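Asks: Sequential numbering from 1 applies to the sequence shown in the UniProt record's numbering.
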Amino acid sequence: MNFFSSQWQKKETGKFYQEMLETRRTVEEKTQEATRIKKQRDQERQRAFDDRHWSKKSLEEMVERDWRILREDFAISTKGKRFLDRLLKSCGKIPFPLRSWRESTLPTSILDIVDKLQYEEPTPIQRQAIPIGLQNRDIIGVAETGSGKTAAFLIPLLVWIMGLPKIERDADADKGPYAVILAPTRELAQPIEDEAAKFGRPLGFRTVSVIGGLSREDQGFQLRLGCEIVIATPGRLIDVLENRYLVLSRCSYIVLDEADRMIDMGFEPDVQKILEHLPVSNVKPDSEDAEDPEKLLAYMGKDKFRQTVMFTATKPPQVERLARNYLRRPAVVYIGSIGRPVERVEQKVYLVKEQAKRKKLLEILNAGIDPPIMIFVNQKKGADVLAKSLEKMGFRATTLHGGRNQEQREFALSSLKAGAKDILVATDVAGRGIDIKDVSLVLNYDMAKSIEGYTHRIGRTGRAGKTGVAITFLTQEDSAVFYDLKQTLLASPVSHCPPELDKHPDAQHKPGTVLTKKRKEETIFV
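1) Mapping the DSSP letters down to three states, classify Lys381 as helix, strand or coil.
2) At the level of alpha carbons, what is the spacing between Glu228 and Met447?
3) DSSP three-state call for Thr308: helix, strand or coil?
4) Whose C-beta lies closer than 7 Å to the C-beta of Pro499 among residues of the same chain, with five residues either side of it excluded?
5) Sort Asp286, Tyr299, Thr308 and Pro285 by Cα distance to Val271 and report the nearest one.
6) With DSSP as the reference, label Ala75 as helix, strand or coil.
7) Can you tell me the Cα-Cα spacing of Val210 and Glu193, whole angstroms?
8) Which runs of the alpha helix (DSSP H) fall wholly inside the stretch 144 to 232 and span at least 4 residues, in chain order?
9) Val514 by DSSP, collapsed to three states: which one?
10) Using alpha carbons as the reference points, say which of Arg261, His277, Ala331 and Val439 lies closest to Ile130.
11) Does the distance from the CB of Leu351 to the CB of Leu443 come in under 8 Å?
12) Report yes if the CB atom of Gln355 is closer than 8 Å to the CB atom of Ser495, and no otherwise.
13) Any idea which residues DSSP pairs Ala367 with across the strands?
14) Whether or not the stretch 290 to 300 and the stretch 234 to 243 are in contact is what I'm after, with contact meaning three or more pairs of Cβ atoms, one per stretch, closer than 8 Å; do they touch?
15) One question on the structure: do Thr461 and Gly453 come within less than 8 Å of each other, judged by their Cβ atoms?
16) Taking the continuous beta strand (DSSP E) assigned at Ala470, which residues delimit it?
17) Within this structure, are the beta carbons of Thr78 and Gln32 separated by less than 8 Å?
18) Cα separation between Val439 and Phe395?
19) Taking 8 Å as the cut-off, decide whether the C-beta atoms of Ile335 and Pro124 are in contact.
20) Taking the C-alpha atoms as reference points, what is the distance between Asp286 and Phe199?
21) Measuring straight from C-alpha to C-alpha, what distance separates Leu361 and Ile423?
22) Once you ignore the five residues that flank Arg329 on each side, which residues in its own chain have a CB closer than 6 Å to its CB?
23) Starting from the Cα of Gly403, find the closest Cα among Pro107, Asp384 and Phe153 and give me that residue.
24) Considering only the alpha carbon of each residue, which of Lys93, Pro95, Gly213 and Gln118 lies closest to Ser101?
25) List, from N- to C-terminal side, the beta strand (DSSP E) runs of 3 residues or more that fit wholly inside the stretch 231 to 287.
26) Beta-carbon within less than 7 Å of Leu390's beta-carbon, same chain only, minus the 5 sequence neighbours each way: which residues are those?
27) What are the boundary residues of the alpha helix (DSSP H) that includes Glu346?
28) Using a threshold of 8 Å, state whether the C-beta atoms of Leu489 and Ile451 are closer than that.
29) Between the C-alpha atoms of Ile274 and Arg409, what's the straight-line distance to the nearest angstrom?
30) Would you report the Cα separation of Glu195 and Leu248, rounded to the nearest angstrom?
Here it is, written out as structure tokens:
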């Protein structure tokens, strides 16, 4: 082999090995790349599996992110805001919301009633307030009316008394009920009584209503027969307490429904007086023990710590004071945008003269509005006059105001609900708590005296996830609320502020605000 053939052979051999190395490197790289792609796809599939919406997961698969999204989906917040930030240093550990009725730990007997009543899904306030209530914690629930608050406080109450002896007509009845539910008016107390009967009657529990407009002696007789739950208005409850028709020596569950309305109506001293009738031996300690579920659940029998539940739609300072004095380390639940009209209500405003209201009303009614309809006025006499005028024109109208007795009020409401009447002409006594299904239109024939009253009035429509319309007649006499009404309309995604209100001088600033003109800068020539 000469020198040249030797060099050629070495060259060929080196080329062969180089090709082998390149081939091996290529195969390894392809294998690594394929492995990397497979791993990446597996991770993406796992991520997609983990990122499924909470409704697609089982309860065991839920993680903190899923619970956060669930709360966001239903506009549930459990953080203290504004005045409650000052009231509460900590809300403690808040339990997870309910995903569905059947996934809850509620007794089968109560779930069967829920099914029978066709409550398909818990409302937002029920999702969060029921798990908290079952822990024996105090609660402040801030939610709009018509949000299902009644079942939110009734269900934990019933779960508790299911483990207690039934109260019969004997000496045991003299110790009073296990629970008291306070509402500011008869109209607000009656829907609570109806709901309590739906749940309590199948379980064998008795409920007695202690409200004005009915015989105090008859109510005293019903109380002596024994009952587990008393539903009352503040004035009448103080009356029966002072006259010894009732004692509260074993009451361990107190509900203050529509607490802000009670305060608006001047019932704060009465509420405080009632709370002082409760036993002091079962008051929770004002410490972290009042936030500890294990320690609270240890006191769920006859020796149950007093549980105070407060529901409110707005947050005046008086509610803060009441909560500070009588609630112990409460869990706070916010639902949605509190104190604002629901976003499903289209608000329409017309600036008219007083004498033009009736003509405008007839135009609206003759245009064809589906019943039931609610028309609000500010005076009892005005309600009667307007209803009679509408009846003469062929409309089926009835009235509800403070001048009517209890039987007349109940008849008016039942007529509207049954379809015998199409229009309810009412004062603010029907502005809150009256649950009439599918109200298509709320018409403020007279504008409310405050924006809070307006908010509660129009909240009669657009309930239970449905849409609604609210029409308001404004006159120059309503100028004190022009600014607030304008802000409310501008904040609504489905409403429009008319130019005549938007540009009105009284709508440019809040009444009582002092406006000063900016002083022009002076130039001094020296």
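Cβ atoms here follow ideal geometry from the backbone N, Cα and C, with glycine treated the same way. Just so it is clear, the structure is predicted and the values come from calculations on it, not from any experiment.
Replies: In this structure, then:
1) Translated into the one-based positions of the sequence shown, residue 381 becomes position 381. DSSP places Lys381 in helix when its eight states are reduced to three.
2) Taking the sequence shown and counting its residues from 1, the one referred to as residue 228 is at position 228. Taking the sequence shown and counting its residues from 1, the one referred to as residue 447 is at position 447. For Glu228 and Met447, the distance between alpha carbons rounds to 42 Å.
3) Counting from one through the sequence shown, the residue named residue 308 turns up at place 308. Note: Thr308 maps to strand in three-state DSSP.
4) Start at 1 with the first residue of the sequence shown, and residue 499 comes out as number 499. Nothing listed; no residue qualifies.
5) By 1-based counting over the sequence shown, the position of residue 271 is 271. Of the candidates Asp286, Tyr299, Thr308 and Pro285, the one whose C-alpha sits nearest the C-alpha of Val271 is Thr308.
6) In the sequence shown, counting from the first residue as 1, residue 75 sits at position 75. Ala75 falls in the coil class under three-state DSSP.
7) As a working mapping, residue 210 is identified with position 210 in the sequence shown. As a working mapping, residue 193 is identified with position 193 in the sequence shown. Distance between the alpha carbons of Val210 and Glu193: 10 Å.
8) 149 to 161, 186 to 203 and 216 to 224
9) Taking the first residue of the sequence shown as 1, we reach residue 514 at position 514. Per-residue confidence for Val514 stands at a pLDDT of 48, beneath the threshold of 50, marking its modelled position as unreliable; the derived number appears in the next sentence. DSSP places Val514 in coil when its eight states are reduced to three.
10) Reading the sequence shown from its first residue, position 130 is the one you call residue 130. Here the closest residue by C-alpha is Ala331.
11) One-based indexing of the sequence shown puts residue 351 at position 351. One-based indexing of the sequence shown puts residue 443 at position 443. Not a contact, by the Cβ cut-off of 8 Å.
12) Reading the sequence shown from its first residue, position 355 is the one you call residue 355. Reading the sequence shown from its first residue, position 495 is the one you call residue 495. Their beta carbons are not under 8 Å apart, which means Gln355 does not touch Ser495 by this criterion.
13) Your numbering for residue 367 matches position 367 in the sequence shown. Bridge partners of Ala367: none, in fact.
14) no
15) Taking the sequence shown and counting its residues from 1, the one referred to as residue 461 is at position 461. Taking the sequence shown and counting its residues from 1, the one referred to as residue 453 is at position 453. Cβ atoms of Thr461 and Gly453: not closer than 8 Å.
16) Looking up residue 470 in the sequence shown gives position 470. Gly468 to Leu474 is the extent of the beta strand (DSSP E) around Ala470.
17) As a working note, residue 78 is residue 78 in the sequence shown. As a working note, residue 32 is residue 32 in the sequence shown. No; because the gap between Cβ atoms is not below 8 Å, this pair is not in contact.
18) By one-based count along the sequence shown, residue 439 stands at place 439. By one-based count along the sequence shown, residue 395 stands at place 395. Straight-line Cα distance between these residues: approximately 16 Å.
19) Along the sequence shown, one-based indexing puts residue 335 at 335. Along the sequence shown, one-based indexing puts residue 124 at 124. Result yes, Cβ atoms of Ile335 and Pro124 sit closer than 8 Å.
20) As a working mapping, residue 286 is identified with position 286 in the sequence shown. As a working mapping, residue 199 is identified with position 199 in the sequence shown. Each residue's alpha carbon lies about 32 Å from the other.
21) By 1-based counting over the sequence shown, the position of residue 361 is 361. By 1-based counting over the sequence shown, the position of residue 423 is 423. Taking the straight line from one Cα to the other gives about 12 Å.
22) By 1-based counting over the sequence shown, the position of residue 329 is 329. Within the same chain, Arg329 has close Cβ partners Ala290 and Glu291.
23) Here residue 403 is taken as the residue at index 403 of the sequence shown, counted from 1. Of Pro107, Asp384 and Phe153, the residue nearest in Cα terms is Asp384.
24) Numbered from 1 along the sequence shown, position 101 holds the residue referred to as residue 101. Looking at the sequence shown, residue 101 is not Ser but Trp. Answer by Cα proximity: Gln118.
25) 253 to 256
26) Taking the first residue of the sequence shown as position 1, residue 390 is located at position 390. Only Ala397 and Ile423 meet the Cβ criterion.
27) Stepping through the sequence shown from its first residue, residue 346 is reached at position 346. Not the alpha helix (DSSP H): Glu346 falls in the beta strand (DSSP E), residues Val345 to Leu351.
28) Locating residue 489 in the sequence shown gives position 489, counting from the first residue. Locating residue 451 in the sequence shown gives position 451, counting from the first residue. Their beta carbons are not under 8 Å apart, which means Leu489 does not touch Ile451 by this criterion.
29) By 1-based counting over the sequence shown, the position of residue 274 is 274. By 1-based counting over the sequence shown, the position of residue 409 is 409. One C-alpha to the other measures close to 27 Å.
30) Residue mapping note: residue 195 aligns to position 195 of the sequence shown, counting from 1. Residue mapping note: residue 248 aligns to position 248 of the sequence shown, counting from 1. Going by the C-alpha atoms only, they are around 22 Å apart.
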